[in-house]
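J.: Quick note: the sequence shown, position 114, residue 114 per the UniProt record's numbering, numbers continuous. We treat Cβ as the ideally placed atom computed from N, Cα and C, and that holds for glycine. Since the structure is predicted, the reported quantities are computational estimates derived from the model, not experimental observations. Got a structure here, written out as structure tokens. Questions coming.
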Amino acid sequence: GWAGEGPGAGGKNRRVCHATARLEMGNLWEEFNRLGTEMIVTKAGRWVPEWGRGCAKRRGQPLPTKSPHRRMFPTFQVKLSGLDPLADYVLLMDFIPLDDKRYRYAFHSSSWLAAGRADPAAPGRVHFHPDSPAKGAQWMRQIVSFDKLKLTNNLLDDNGHIILNSMHRYQPRFHVVFVDPRRDSERFAHQNFKSFSFPETQFMAVTAYQNHRITQLKIASNPFAKGFRDGDPEP
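See the structure below:
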């Protein structure tokens with residue numbers, strides 16, 4: 001659905017105060033959320049389950065390449081409205097912990113359980129949409145996709161990727177920032193942005209999928225998992 005900023009939205013610059021954002025693929029996000037969304041974060045290589053390797057080998061397909069970071073799926077995409085068509089905007093995302101707990105997955109009950117205090121917070125980073133800055137008209141013309149955003153649990157990452165702690169819960173946040181041309185624009189920084197959060201995009205960061213139903217739904221709905229579909233053994 002459409003989302004707006006929470007408490008404190010008053011006093012915003014008129015070029016952001018009317019901005020609204022609609023989450024794309026909302027039904028898919030909700031389907032994942034009902035199961036408990038998991039997002040892979042890796043440090044030293046892309047996790048490929050053994051059943052996946054076997055499927056690729058049988059079909060003569062190349063194995064997925066190794067990567068120290070992962071893209072989000074579902075991809076975070078929004079449709080914007082209410083921007084000034086002629087003003088410049090920067091779009092960005094960050095991720096905040098949902099609580100101060102670390103979790104573990106209980107396979108016998110297929111549920112997540114608190115397993116103590118959270119690890120020290122990973123370095124806070126933001127991801128700027130690569131088309132930033134751009135006119136409001138351009139942002140509103142098409143769906144805004146953060147398909148270049150990548151996650152890692154490598155605390156020493158020097159590629160600018162979002163660093164998260166595995167087995168911790170996170171809420172993605174989306175921010176629209178008006179590029180204020182005034183010379184003293186820093187004085188108005190708090191007025192020049194608007195933030196959006198969609199509860200259905202919350203997720204658990206993991207190094208390997210814990211809930212097999214999440215694995216199945218990712219394979220069924222992710223176009224890049226095409227090689228693992230149709231007649232493959234269940235994960």
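Throw me the rounded Cβ distance for the Asn165 and Thr207 pair, which I believe falls under 8 Å.
T.: About 11 Å separates the two Cβ atoms, so there is no contact after all.
J.: Is Met167 helix, strand or coil by DSSP?
T.: coil
J.: Ends of the alpha helix (DSSP H) at Ile214?
T.: 212–221
J.: For Lys135, I'd like the list of residues in its chain whose CB is within less than 8 Å of its CB, leaving aside the five on either flank, ordered along the chain.
T.: The answer, listed in chain order, is Pro85, Leu86, Ala87, Asp88, Tyr89.
J.: Flag this pair as yes or no: are the beta carbons of Phe21 and Leu80 separated by less than 7 Å?
T.: Note that residue 21 is Ala in the sequence shown here, rather than Phe. It is a contact, given that the beta carbons lie within the stated cut-off.
J.: Near Arg71, what residues of its chain come up, given a Cβ to Cβ distance below 6 Å and the 5 sequence neighbours on each side ignored?
T.: Lys150
J.: Buried or exposed: Ala19, going by 16 or more other Cβ atoms within 10 Å of its Cβ?
T.: buried
J.: Taking the DSSP output, what are the residues bridged to Lys150?
T.: Answer is Arg71.
J.: Please state if the CB of Ile162 and the CB of Gln77 are separated by a distance shorter than 7 Å.
T.: Here Gln77 is not near Ile162, since their CB atoms are 7 Å or more apart.
J.: Taking buried to mean at least 16 other C-beta atoms within 10 Å of its own C-beta, is Ala73 buried or exposed?
T.: The residue asked about is misnamed: residue 73 is Phe in this sequence, not Ala. With 16 or more Cβ atoms within 10 Å of its Cβ, Phe73 is classed as buried.
J.: Quick one: is Glu186 buried, meaning 16 or more other Cβ sit within 10 Å of its Cβ, or exposed?
T.: exposed
J.: Determine the burial state of Arg15: buried for a count of at least 16 other Cβ atoms within 10 Å of its Cβ, exposed for fewer.
T.: buried
J.: So, helix, strand or coil for Pro49, using DSSP?
T.: Summary for Pro49: the model assigns pLDDT 44, below 50, so the residue's position carries little reliability; its value from the coordinates is reported in the next sentence. Looking at Pro49 - three-state DSSP - the assignment turns out to be coil, as it is neither helix nor strand.
J.: On the three-state DSSP scale, how would you describe Thr207?
T.: DSSP places Thr207 in the coil class of the three-state scheme, outside both helix and strand.
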